[in-house]
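> Every letter in the sequence shown is one number past the one before it in the UniProt record's numbering, and letter 114, counting from 1, is 114. Beta carbons are placed, not taken as given, at the ideal position from N, Cα and C, and that holds for glycine.
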Amino acid sequence: MHLPLELYTLIFAQLSQSDLCAVARVDRVFHELASLLLYRVIRHDFDPPHQLVSLLNGLARRSRIVSRVSTFDLSWKRGTGYSVYVLSAARPALGQMTNLTTLVLDSCLSNIVHILGDVVCPNLRALQSEPSPWFNAFLLRHPHVTELDILPYCDRSDNEVLLPSGSPLTYLGGTGGVLVTALHPQRGRELADGATVHVRGPFSVHWPVFDALEKWKTRTARGLQWLLVSRSAIDVGDALSGLRDPGQGCSHAERVV
Numbered sequence: 001m002h003l004p005l006e007l008y009t010l011i012f013a014q015l016s017q018s019d020l021c022a023v024a025r026v027d028r029v030f031h032e033l034a035s036l037l038l039y040r041v042i043r044h045d046f047d048p049p050h051q052l053v054s055l056l057n058g059l060a061r062r063s064r065i066v067s068r069v070s071t072f073d074l075s076w077k078r079g080t081g082y083s084v085y086v087l088s089a090a091r092p093a094l095g096q097m098t099n100l101t102t103l104v105l106d107s108c109l110s111n112i113v114h115i116l117g118d119v120v121c122p123n124l125r126a127l128q129s130e131p132s133p134w135f136n137a138f139l140l141r142h143p144h145v146t147e148l149d150i151l152p153y154c155d156r157s158d159n160e161v162l163l164p165s166g167s168p169l170t171y172l173g174g175t176g177g178v179l180v181t182a183l184h185p186q187r188g189r190e191l192a193d194g195a196t197v198h199v200r201g202p203f204s205v206h207w208p209v210f211d212a213l214e215k216w217k218t219r220t221a222r223g224l225q226w227l228l229v230s231r232s233a234i235d236v237g238d239a240l241s242g243l244r245d246p247g248q249g250c251s252h253a254e255r256v257v
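(1) Among the residues of its own chain, which have a CB less than 8 angstroms from the CB of ARG125, if the five just before and after it don't count?
(2) Measure the alpha-carbon distance for GLU32 versus CYS121 and round it to whole angstroms.
(3) Short of 7 angstroms in beta carbon distance, which residues of its chain neighbour PHE30, apart from the five on each side in sequence? Order them along the chain.
(4) Going by DSSP in three states, GLN17 sits in which element: helix, strand or coil?
(5) Please state if the CB of LEU37 and the CB of ARG64 are separated by a distance shorter than 9 angstroms.
(6) Taking its Cβ as the centre, do 16 or more other Cβ atoms sit within 10 Å of ARG189, making it buried, or is it exposed?
(7) Verify whether the separation of the beta carbon atoms of PRO49 and VAL86 is less than 9 angstroms.
(8) Are the beta-carbon atoms belonging to HIS206 and VAL178 less than 9 angstroms from one another?
(9) Hey, how far is the Cα of LEU227 from the Cα of ARG62?
(10) Within a Cβ cutoff of 7 angstroms, which residues of the same chain sit near LEU15, ignoring the five residues on either side of it in sequence?
(11) Please state the DSSP three-state secondary structure of GLN96.
(12) What are the start and end residues of the alpha helix (DSSP H) that includes ARG189?
(13) Quick one: using the 10 Å Cβ neighbour count with 16 as the cut-off for buried, is ARG28 buried or exposed?
(14) To which residues does DSSP link ARG200 through a beta bridge?
(15) So, at 6 angstroms on beta carbons, what are the nonlocal neighbours of THR71 in its own chain, with the 5 sequence-adjacent residues on each side left out?
(16) Which residue from LEU20, VAL26, GLY95 and PHE135 puts its Cα closest to that of ASN57?
(17) Judging by CA-CA distance, which residue of HIS184, LYS217 and THR175 is the nearest neighbour of PRO164?
(18) By Cβ distance below 7 angstroms, which residues in the same chain neighbour PHE12 in space, the five residues on each side in sequence not counted?
(19) Can you have a look at GLN128 and say buried or exposed, based on whether 16 or more other CB atoms are within 10 angstroms of its CB?
(20) So, with DSSP's three-state summary, where would you put LEU148?
(21) In chain order, what residues of the same chain lie with their CB nearer than 7 angstroms to the CB of ALA89, ignoring the 5 residues before and after it?
(22) To the nearest angstrom, how far is the alpha carbon of ARG222 from that of ASP149?
(23) For residue 272, which of ARG200, PHE135 and TYR171 has the nearest alpha-carbon?
(24) I believe THR175 touches ARG200 by the beta-carbon criterion, under 8 angstroms. Please report the beta-carbon distance rounded to the nearest angstrom.
(25) Cβ atoms of THR218 and LEU191: under 9 angstroms apart, would you say?
(26) What are the boundary residues of the beta strand (DSSP E) that ARG141 is part of?
(27) Of the choices LEU151, GLY173, ASP106 and THR98, whose alpha-carbon is the least far from that of HIS142?
Take a look at the structure:
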């Protein structure tokens with residue numbers, strides 16, 4: 001008994017990656033339907049990444065499948081010498097990912113984003129990367145990005161966090177110094193009313209961010225929905241410095257977690 005293709009698609013959408021691989025081996029029709037779902041999320045799990053490059057080269061030749069990719073994660077757990085190699089291979093495929101909503105670029109890629117040329121992802125919503133002039137140029141071509149996670153997660157003030165003009169951010173994550181820089185009124189991107197801010201790094205350096213958020217609230221008459229702080233990063237130095245409760249002085253947020 002055959003079911004409508006639309007119903008098969010709904011059923012397949014509930015399957016795991018391994019189950020989709022099994023379904024794809026049944027016959028040609030199932031292979032085509034499963035392939036449209038199988039590559040919705042691509043993460044770098046190959047070291048060395050030759051298999052990833054082979055996959056990207058194959059997807060670049062199958063526009064119907066590559067256009068279904070929604071998450072493309074190029075992050076490494078350790079240093080790599082393959083950055084240029086991988087990003088060069090990613091460019092043709094990335095240019096066809098018309099439904100891509102989330103892009104993660106490892107910190108080792110941020111300074112070579114220019115390899116992507118003038119690639120534009122029209123539906124990109126969330127971007128994670130380390131700031132650099134090339135990263136800023138990429139962000140300038142994507143004013144529709146509303147969720148920004150700024151690497152690295154070690155605390156430092158970074159004057160390269162330019163945040164070119166664009167849609168108000170509904171999510172902004174990073175360390176204290178980076179967020180203070182990003183929240184400066186002369187930067188080109190504002191937080192949306194009801195946004196989420198995630199402050200990473202040692203808790204003792206969170207307070208400048210809280211002060212910057214108070215100034216942002218006064219200036220814009222907006223407030224946060226969620227303020228996420230790294231309670232797990234509280235250390236002995238924090239305790240000795242007279243650590244306050246993270247909810248104190250955070251009237252700009254409805255919820256502090």
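So, from the listed chains and residues:
(1) As a first step, residue 125 is located in the sequence shown; it is residue number 125 there, counting from the start. So the list reads THR101, THR102, HIS144, VAL145, THR146 and GLU147, once near-sequence residues are dropped.
(2) Your numbering for residue 32 matches position 32 in the sequence shown. Your numbering for residue 121 matches position 121 in the sequence shown. Cα-Cα distance, rounded: 24 angstroms.
(3) As a first step, residue 30 must be located in the sequence shown, where it is residue number 30. Residues VAL23 and ALA24 of the same chain have their beta carbon placed closer than 7 angstroms to that of PHE30, with the five preceding and five following residues left out of the count.
(4) One-based indexing of the sequence shown puts residue 17 at position 17. Three-state result, GLN17: helix.
(5) Translated into the one-based positions of the sequence shown, residue 64 becomes position 64. Translated into the one-based positions of the sequence shown, residue 37 becomes position 37. No, the pair does not count as a contact, with Cβ atoms beyond the cut-off.
(6) To locate residue 189, count along the sequence shown from 1; it is residue 189. With 16 or more Cβ atoms within 10 Å of its Cβ, ARG189 is classed as buried.
(7) Here residue 49 refers to the residue found at position 49 of the sequence shown. Here residue 86 refers to the residue found at position 86 of the sequence shown. Annotated as proximal: PRO49 and VAL86, with beta-carbon spacing under 9 angstroms.
(8) Stepping through the sequence shown from its first residue, residue 206 is reached at position 206. Stepping through the sequence shown from its first residue, residue 178 is reached at position 178. Taking a C-beta distance under 9 angstroms as the contact criterion, HIS206 and VAL178 do not qualify as a contact pair.
(9) Along the sequence shown, read from residue 1 onward, the residue named residue 227 stands at position 227. Along the sequence shown, read from residue 1 onward, the residue named residue 62 stands at position 62. Distance between the alpha carbons of LEU227 and ARG62 is about 42 angstroms.
(10) The residue given as residue 15 occupies position 15 in the sequence shown. For LEU15, the CB contacts under 7 angstroms within the same chain, skipping 5 residues up- and downstream, are VAL23 in chain order.
(11) The residue you call residue 96 lines up with position 96 of the sequence shown. DSSP places GLN96 outside both helix and strand once states are collapsed to three, so it counts as coil.
(12) If you number the sequence shown from 1, residue 189 lands on position 189. For ARG189, no alpha helix (DSSP H) encloses it, and the DSSP letter there is neither H nor E.
(13) As a first step, residue 28 must be located in the sequence shown, where it is residue number 28. Taking all protein chains shown into account, ARG28 has fewer than 16 neighbouring C-beta atoms within 10 Å of its C-beta and is therefore exposed.
(14) The count along the sequence shown starts at 1 and reaches residue 200 at position 200. Note: ARG200 sits in a beta bridge opposite THR175.
(15) Counting from one through the sequence shown, the residue named residue 71 turns up at place 71. So the qualifying residues of the chain are VAL41 and THR102.
(16) For the purposes of this step, residue 57 is taken as the residue at position 57 of the sequence shown. Nearest C-alpha to ASN57: GLY95.
(17) On the sequence shown, position 164 is the one that residue 164 refers to. Nearest C-alpha to PRO164: HIS184.
(18) In the sequence shown, counting from the first residue as 1, residue 12 sits at position 12. Excluding positions up to five away in sequence, the list reads LEU20, VAL23, LEU33, ALA34 and LEU37.
(19) To locate residue 128, count along the sequence shown from 1; it is residue 128. It counts as buried.
(20) Here the question's residue 148 lines up with position 148 in the sequence shown. Looking at LEU148 - three-state DSSP - the assignment turns out to be strand.
(21) Taking the sequence shown and counting its residues from 1, the one referred to as residue 89 is at position 89. Within the same chain, ALA89 has close Cβ partners VAL53, LEU56 and ASN57.
(22) If you number the sequence shown from 1, residue 222 lands on position 222. If you number the sequence shown from 1, residue 149 lands on position 149. Straight-line Cα distance between these residues: approximately 21 angstroms.
(23) Outside the displayed range of the chain (1 to 257) lies residue 272, so it cannot be described from this structure.
(24) Walking along the sequence shown from the start, residue 175 turns up at place 175. Walking along the sequence shown from the start, residue 200 turns up at place 200. Contact holds; Cβ gap of about 5 angstroms.
(25) The sequence position of residue 191 within the sequence shown is 191, counting from 1. The sequence position of residue 218 within the sequence shown is 218, counting from 1. Cβ atoms of LEU191 and THR218: not closer than 9 angstroms.
(26) The sequence position of residue 141 within the sequence shown is 141, counting from 1. No beta strand (DSSP E) contains ARG141, which DSSP labels as neither H nor E.
(27) Within the sequence shown, the letter at position 142 stands for residue 142. That would be THR98, whose Cα lies nearest to the Cα of HIS142.
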